[in-house]
Structures are given as C-alpha cells and as structure tokens.
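Visitor:
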Amino acid sequence: QVVPWKGLIALIEPHYPKGEGGRPAYPLMAMLRIHLMQNWFGYSDPAM
Numbered sequence: 001q002v003v004p005w006k007g008l009i010a011l012i013e014p015h016y017p018k019g020e021g022g023r024p025a026y027p028l029m030a031m032l033r034i035h036l037m038q039n040w041f042g043y044s045d046p047a048m
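Every letter in the sequence shown is one number past the one before it in full-length UniProt numbering, and letter 14, counting from 1, is 14.
(1) Using only the alpha-carbon positions, how far apart do L8 and M37 sit?
(2) So for G7, helix, strand or coil by DSSP?
(3) Using 8 Å for Cβ pairs, my map puts P17 next to A25. What's the rounded Cβ distance?
(4) I12 to P46, Cα distance in whole Å?
(5) Please classify P14: does DSSP put it in a helix, a strand, or coil?
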C-alpha cells in the first residue's frame, strides 16, 4: 500500500464537514482520493 489511507483519514476526519444543514457532504475517502489525483496528475475540477 503506497498511500496510508487510514492514517490520512484519521487526521482529516475531525476537520471534515459533517453535512449538517444543506447538501450532504461527499464521503471523505472519495474527496481525499480526488484531491490527491488532481495534485498528482495536474487535473482541474472539470477534468474530474
């Protein structure tokens, strides 16, 4: 395993919105993977 997903999720989860009011938040794991792919491959938001 190249990326320590469980460790990263544990660090970010306390600061991630809980989805109270408004639209429900996307799952943290999905958002983290998308964010890292954007950084690694230079993708923009529309490219995802």
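All C-beta atoms, glycine included, are put in the ideal place defined by N, C-alpha and C.
It should be emphasised that the depicted structure is a prediction, and the values quoted were computed from it without experimental measurement.
Guide: Checking against the coordinates, here is how it stands:
(1) The residue given as residue 8 occupies position 8 in the sequence shown. The residue given as residue 37 occupies position 37 in the sequence shown. Cα to Cα, the separation comes out at about 15 Å.
(2) Start at 1 with the first residue of the sequence shown, and residue 7 comes out as number 7. Here G7 sits in helix by DSSP.
(3) Your numbering for residue 17 matches position 17 in the sequence shown. Your numbering for residue 25 matches position 25 in the sequence shown. Confirmed, Cβ separation roughly 5 Å.
(4) Taking the first residue of the sequence shown as 1, we reach residue 12 at position 12. Taking the first residue of the sequence shown as 1, we reach residue 46 at position 46. A direct Cα-Cα distance of roughly 24 Å separates I12 from P46.
(5) Locating residue 14 in the sequence shown gives position 14, counting from the first residue. Note: P14 maps to helix in three-state DSSP.
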